[in-house]
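One structure is given below, encoded as structure tokens.
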Amino acid sequence: MDARPNSPEARDIRYHMHGYTNARKHQETGPLVIEKGDGVYVEDIAGNRYIEAMAGLWSVAVGFSEKRLVEAATRQMSKLPFYHDFGSKAHSPLIDLAEKLVQMAPVPMSKAYFTNSGSEANDTAIKMIWYRSNALGQPARKKIISRKRGYHGVTIASASLTGLPNNHLSFDLPIANILHTSSTPHHWREAQPGESEEQFSARLADELEKLILAEGPETIAAFIGEPIMGAGGVIVPPAGYWEKIQAVLSKYGMLLVADEVICGFGRTGEMFGSQTFGIKPDIMVLSKQISSSYLPISALLINDKVFEPIADESDRIGTFGHGFTGGGHPVAAAVALENIKVIEERDLVGNARKVGAHLQARLRKLASHPLVGEVRGVGLIAAVELVADKATKVPWGKPAALGALVNGFLQQNGVISRNMGDAIAFCPPLIITEAQIDALVDAFERSLDAAL
Ligand code: PLP
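Residue numbering for the sequence shown follows my numbering, beginning at 2 and increasing consecutively.
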């Protein structure tokens, strides 16, 4: 770190409060200041180059230097830098994007609704679900079931959906009407001895049904889940999980929200995680890779079961009283459209499948390493969970201490990753090559050995 009093690091400490950090400790440790990006690489202000193995925040599908997105933004910025979709207003990039998303959806969807972030989109999903229950004359049907370790954002309502302690502690969350399952679909960590993946899935579906019955089915409106849990530790659902969960939801007439904010647009080797796991959602929540996060934009896709009652209610009351000034911003929409074109034209979904298989195979070879408890993942998303003792699966000293240590070594070895507790996540740009995966995993091996 540059110790000069007016260095960028010193000014960051003086003026900038970060998200997701220990704000006190940051005053001593300071930032890693990233200056530029090129393909799968980013470079810091000291000129050190890193493979960005998290694609930023699970988001930069097309890499950090895609000129077509820059040109799309410039063109739209010159033509119409801002407009909105309140009331009867519309603009072409948004109409084009809505059409494209509805046509791309893996299950019949009726409409796209635009917001700025994953959190806002999930907040909007909750409001749409509540509005719909009122429209249907079922005002008691307001509870939404989310999952332990699920991640759905940080606004008051979406943080309530999130099932991680740090998003609730000292924020007085969750709010009313948001319930969490008591289990996470993580077979390695939570299955009982001898329980197969199918049996574990059946037990979780049974637990869900018991929760619904205990609360009263007439009070439950929806279930929300990520096809693969991301920020909760890249938890890949066990065999049969989504099929069995969906059977319970159908039995009680509950809506299903698929939070595709990480899985959407190719991450799992299919365009959507819902395709990978046979999920048939009523609402899909999209963000991040929709625009490779070059600009913030998010969207909800809703089917007729959701749209029609909302339309009736807005007609009765006079308006659907919800919308964001920047929701569906024309420049962000133009960037998203171009980004989706790049993903399709370069077959980045196929690349995620092919190069993803190489990533998964190389990581699985590390399963015998003394610090590796579990290797998990699909396509270009993976995690390696570190343990002190492979048999008991106990973490090493303080939880997250080993993960943070290995993550630090990874950075010294030229790879930016992220540890979620003792799980090290990998979620690189979808343009990554096999040779770059080899460099990444080689650096990871060196980092693991350094921690021995
Ligand atoms: N949903 C999922 C699955 C996410 O991973 C995230 C962010 O990581 C969000 C929602 C929240 O998105 P945002 O940070 O854009 O509010």
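The beta carbon of each residue, even a glycine, is placed where N, CA and C say it ideally should be.
When every heavy atom of ligand 1 is checked, does at least one fall within less than 8 Å of the C-beta of residue i?
i           : result
residue 118 : yes
residue 232 : yes
residue 382 : no
residue 121 : yes
residue 332 : no
residue 299 : yes
residue 159 : yes
residue 59  : yes
residue 323 : no
residue 236 : no
residue 258 : no
residue 284 : no
residue 153 : yes
residue 252 : no
residue 8   : no
residue 145 : no
residue 336 : no
residue 127 : no
residue 262 : yes
Under the three-state reduction of DSSP, which class applies to residue i: helix, strand or coil?
i           : result
residue 348 : coil
residue 272 : coil
residue 181 : strand
residue 216 : helix
residue 78  : helix
residue 324 : coil
residue 277 : helix
residue 33  : coil
residue 266 : coil
residue 88  : coil
residue 201 : helix
residue 308 : helix
residue 118 : coil
residue 129 : helix
residue 301 : strand
residue 112 : strand
residue 387 : strand
Residues in the same chain with beta-carbon distance under 7 Å from residue i, minus the five sequence neighbours each way, listed in chain order, please.
i           : result
residue 305 : 111
residue 337 : 98, 291, 292, 298
residue 314 : 132, 135, 136
residue 411 : 418, 444, 445, 448
residue 28  : 14
residue 178 : 143, 144, 145
residue 332 : 74, 77, 78, 82, 296
residue 463 : Because the chain here runs from 2 to 453, residue 463 falls outside it and cannot be looked at.
residue 24  : 18
residue 155 : 120, 168
residue 374 : 386, 387, 388, 391, 394
residue 128 : 323
Please list, in chain order, all residues of the same chain as residue i whose beta carbon is under 6 Å from its beta carbon, the five residues on each side excluded.
i           : result
residue 447 : 414
residue 218 : 253
residue 64  : 40, 41, 430, 432
residue 242 : 186, 202
residue 269 : 277, 379, 380
residue 441 : 52, 54, 416
residue 263 : 59, 231
residue 435 : 356, 359
residue 160 : 168, 174
Does the CB of residue i have a neighbour CB from chain B at under 9 Å?
i           : result
residue 267 : Here there is only one protein chain, and chain B is not present.
Taking the beta strand (DSSP E) that residue i belongs to, which residues open and close that run?
i           : result
residue 30  : Element bounds for residue 30: not the beta strand (DSSP E) but the alpha helix (DSSP H), 24–30.
residue 167 : First-last for residue 167: undefined, no H or E at that position.
residue 44  : 42–45
residue 419 : 419–421
residue 144 : 144–147
residue 256 : 256–260
residue 195 : Per DSSP, residue 195 belongs to no beta strand (DSSP E) and is neither H nor E.
residue 424 : 424–427
Could you tell me the boundaries of the alpha helix (DSSP H) in which residue i lies?
i           : result
residue 292 : Note, residue 292: premise wrong, no alpha helix (DSSP H); not H, not E.
residue 407 : 402–413
residue 442 : 435–451
residue 16  : 9–16
residue 141 : Where residue 141 is concerned, there is no enclosing alpha helix (DSSP H), given that its DSSP letter is neither H nor E.
residue 244 : 242–252
residue 103 : 93–105
residue 157 : 157–162
Throw me the rounded Cβ distance for the residue i and residue j pair, which I believe falls under 8 Å.
i           : j           : result
residue 123 : residue 162 : 6 Å
residue 303 : residue 62  : That pair is no contact at about 24 Å.
residue 248 : residue 206 : 7 Å
residue 46  : residue 36  : 5 Å
residue 117 : residue 328 : 6 Å
Give every residue of the same chain whose Cβ lies closer than 8 Å to the Cβ of residue i, excluding the five residues on either side of it in the sequence, and list them in chain order.
i           : result
residue 234 : 150, 187, 384, 386, 421, 422, 424, 426
residue 103 : 110, 111, 112, 113, 302
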